[in-house]
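Below is one structure, written out as structure tokens, with a few remarks after it.
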Amino acid sequence: MLSAITVRNLNVSYHGNDAIQNVSFSVSPGKLVGIIGPNGAGKSTLLKALLELIPRDTGEIQMNGKGISEIRKHVAYVPQRSNIDWDFPITVIDTVLLGTYPNLGIFQRPKKKEKALAYDCLQKVGMGDYANRQIGELSGGQQQRVFMARALAQQADIFFLDEPFVGIDVSSEKAIVNILKELRDGGKTVLVVHHDLNKANDYFDELILLNKELIGVGEVEKVFRSEILAKAYNTQFPFLKEMEVQM
Ligand code: ADP
Ligand code: MG
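With our numbering, letter number 123 in the sequence shown gets 122, and the count goes up by one each step, no holes.
Right, here's the structure in full:
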């Protein structure tokens, strides 16, 4: 089967300092994958490099067998919340409508069809009643749901989310996890950066464990082992011994 994502020998640096070193992996379609590692491990850098939002020093990247420039409109990206300007004056519905733009032609304005889709996506994340609010007026969890709706409106095949659960309430987290699982069940490929190990086990099918280099990749049960995690986090995980026995 064709991989959804294939990465070979990826190296990324900032001003001569390595952030990603020699990373290679592939992801099959229809998987919900966690990208896990400590702060500064290069997780956000990996996502941005995959999307070609930042340059790479070396490496080959393919999605559905194609270069990102060919497939960009089929790839949705939800950036880290801290990197979004929440003071930007835009309504909730217009934020979601932006998701439909990659599928519109040049100079085409969103019409009824796109607006209906945007509303559907807002309903799906439980934010239908907030369509005309300013994005800056919402709580963290509500903002993250709106960005999830924007990604849904793009009707992409591959989804990248950077730390979607940071600074949000429990019910928003649950709502987003359920949507990610639904996307996966519908055959979409979903990569989620997640900085702690909490819930990794419940949320993801596979893990990419990163600490500049690739420490581990594969099914959660294979990667979620104390000696592999210790390598990523430079610390011991005695509590995991028990969990491994249960798994
Ligand atoms: P993570 O998302 O895992 O916390 P990042 O990808 O944000 O890690 O960062 C990886 C490393 O690259 C860190 O050492 C960080 O300081 C550095 N870095 C990230 N972005 C930049 C940038 N724009 N300029 C210079 N260094 C950066
Ligand atoms: Mg990050």
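Just so you know, even glycine gets a beta-carbon here, dropped at the ideal spot from N, CA and C. In this text, all values refer to a predicted model and were calculated from it rather than measured experimentally.
Is the beta carbon of V22 less than 8 Å from the beta carbon of V32?
-> Taking the first residue of the sequence shown as position 1, residue 22 is located at position 23. Taking the first residue of the sequence shown as position 1, residue 32 is located at position 33. The answer is no: Cβ separation not under 8 Å.
Whole-angstrom distance between L46 and L213, CA atom to CA atom = Taking the sequence shown and counting its residues from 1, the one referred to as residue 213 is at position 214. Taking the sequence shown and counting its residues from 1, the one referred to as residue 46 is at position 47. The C-alpha of L213 lies about 14 Å from the C-alpha of L46.
Within 7 Å: the Cβ of Q79 and any heavy atom of ligand 2?
-> Looking up residue 79 in the sequence shown gives position 80. Correct: Q79 has its Cβ closer than 7 Å to ligand 2.
Less than 8 Å separating the beta-carbons of E218 and E205?
-> The residue you call residue 218 lines up with position 219 of the sequence shown. The residue you call residue 205 lines up with position 206 of the sequence shown. Remark: C-beta atoms of E218 and E205 approach each other more closely than 8 Å.
Consult DSSP for Q133 and reduce its assignment to one of helix, strand or coil.
-> Locating residue 133 in the sequence shown gives position 134, counting from the first residue. Reduced to three states, the DSSP call for Q133 is strand.
So L179 is in the alpha helix (DSSP H); what residue range does that whole segment cover?
-> The sequence position of residue 179 within the sequence shown is 180, counting from 1. It spans V169 to D184 - the alpha helix (DSSP H) in which L179 sits, taken as one unbroken run.
Residues of its chain near G36, where Cβ-Cβ distance is below 7 Å and the 5 sequence neighbours each way are ignored | Taking the first residue of the sequence shown as position 1, residue 36 is located at position 37. Cβ within range, chain order: K42, L208, L209, N210 and A231.
DSSP three-state call for H73: helix, strand or coil?
-> Here residue 73 refers to the residue found at position 74 of the sequence shown. In this structure, H73 counts as helix in the three-state DSSP scheme.
The alpha helix (DSSP H) spanning V222 covers which residue range?
-> Working through the sequence shown from its first residue, we reach residue 222 at position 223. Residues V219 to V222.
Mapping DSSP to helix, strand and coil, what is N200?
-> Your numbering for residue 200 matches position 201 in the sequence shown. Three-state DSSP puts N200 in a helix.
Validate contact between the stretch 160–177 and the stretch 112–120 using beta carbons, cut 8 Å, 3 pairs | Because the criterion of three Cβ pairs below 8 Å is not met, the stretch 160–177 and the stretch 112–120 do not touch.
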